[in-house]
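Colleague:
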Amino acid sequence: DIQMTQSPSSLSASVGDRVTITCRASQSISSYLNWYQQKPGKAPKLLIYAASSLQSGVPSRFSGSGSGTDFTLTISSLQPEDFATYYCQQSYGRSLTFGGGTKVEIK
Amino acid sequence: QVQLVQSGAEVKKPGASVKVSCKASGYTFTSYDINWVRQATGQGLEWMGWMNPNSGNTGYAQKFQGRVTMTRNTSISTAYMELSSLRSEDTAVYYCARVYVHSGYDRLDYWGQGTLVTVSS
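Chain order of the listed sequences is A and B. Position one of the first sequence corresponds to residue 494 (my numbering), numbered consecutively onward. Position one of the second sequence corresponds to residue 2 (my numbering), numbered consecutively onward.
1. In three-state terms, what does DSSP make of Thr590 (chain A)?
2. Since Thr42 (chain B) sits in a beta bridge, which residues does DSSP pair it with?
3. Can you tell which of A:Gly593, A:Glu598 and A:Lys600 has the C-alpha that lies nearest to the C-alpha of Thr498 (chain A)?
4. Taking all protein chains shown into account, decide if Asp34 (chain B) is buried (16 or more other Cβ within 10 angstroms of its Cβ) or exposed.
5. Looking at chain B, is there any beta carbon in it that lies within less than 9 Å of the beta carbon of Phe564 (chain A)?
6. Could you tell me the distance, in whole angstroms, from the CA atom of Thr92 (chain B) to the CA atom of Thr565 (chain A)?
7. Can Tyr61 (chain B) and Arg73 (chain B) be called in contact, C-beta distance under 9 Å?
8. By the 10 Å Cβ neighbour count, where 16 or more other Cβ atoms means buried, how is Thr595 (chain A) classified, buried or exposed?
9. Taking 9 Å as the threshold (C-beta atoms), are Ser507 (chain A) and Leu547 (chain A) in contact?
10. Take Trp51 (chain B) and list the residues in its own chain whose beta-carbon comes closer than 6 Å to its own, dropping the five residues that flank it on each side.
11. Please name the residues in the stretch 526 to 539 of chain A whose beta-carbon is closer than 7 Å to at least one beta-carbon of chain B, in chain order.
12. Per DSSP, Glu47 (chain B) forms a beta bridge with which residues?
13. So, with DSSP's three-state summary, where would you put Gln63 (chain B)?
14. Just verifying my parser: in three-state terms, what is the DSSP assignment at Phe564 (chain A)?
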């Protein structure tokens with residue numbers, strides 16, 4: 494199975510900060526990488542698909558980049574509603590795997 | 002609008018089975034795969050498997066092989082996930098999610114609200 498490793502596991506940031514989360518795959522997955530946001534008690538929400546494409550309705554402050562094994566999710570200016578946990582997920586094969594998550598907390 | 006509505010919370014004893022339903026609306030049920038993902042309290046997301054509602058074909062994560070069965074009833078646009086031989090470690094919220102494929106890239110674009118399954122003696 495393809496392993497997905499996210500870093501950091503948590504971070505503290507202030508409103509307006511630029512935030513970057515990384516995700517590394519155990520083998521090359523081309524651009525088969527999605528990002529999700531999850532708030533407590535809620536289902537995950539799709540933010541980015543195919544590594545860099547913004548899902549409809551998602552604010553443009555979210556962006557994704559990378560290919561192969563290394564990927565990045567960037568929030569250009571953190572808003573109060575962005576405090577949540579973020580997960581990467583590979584869709585290279587039929588067996589999906591998620592990263593361990595990155596919790597973004599208020600500084 | 003696309004909706005996936007799951008069945009309510011369950012409490013089961015160790016060794017029992019649980020069957021969670023996921024009713025789809027707002028789109029053609031047989032046109033999109035359904036995946037199941039679970040999340041233990043305070044933990045990350047764990048993929049369990051996929052089902053093609055049109056063919057009934059399935060694929061399961063190795064961890065759950067032999068214990069999980071994914072089925073569907075196309076007449077009522079509902080997918081099911083049954084997990085057997087439950088143990089305390091299976092206590093989690095179980096989610097169904099629709100797979101959207103475009104230009105060869107797939108993603109989980111709509112999710113159910115989640116079903117809490119508690120395994121306790």
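Every residue gets a Cβ at the ideal spot worked out from N, C-alpha and C, and that includes glycine.
Modeller: On the basis of the supplied data:
1. strand
2. In the DSSP output, where bridge partners are listed per residue, Thr42 (chain B) has none listed.
3. A:Gly593
4. buried
5. no
6. 32 Å
7. no
8. buried
9. no
10. Asp34, Asn36 and Gly60
11. Asn527, Ala536, Pro537 and Leu539
12. B:Arg39
13. helix
14. strand
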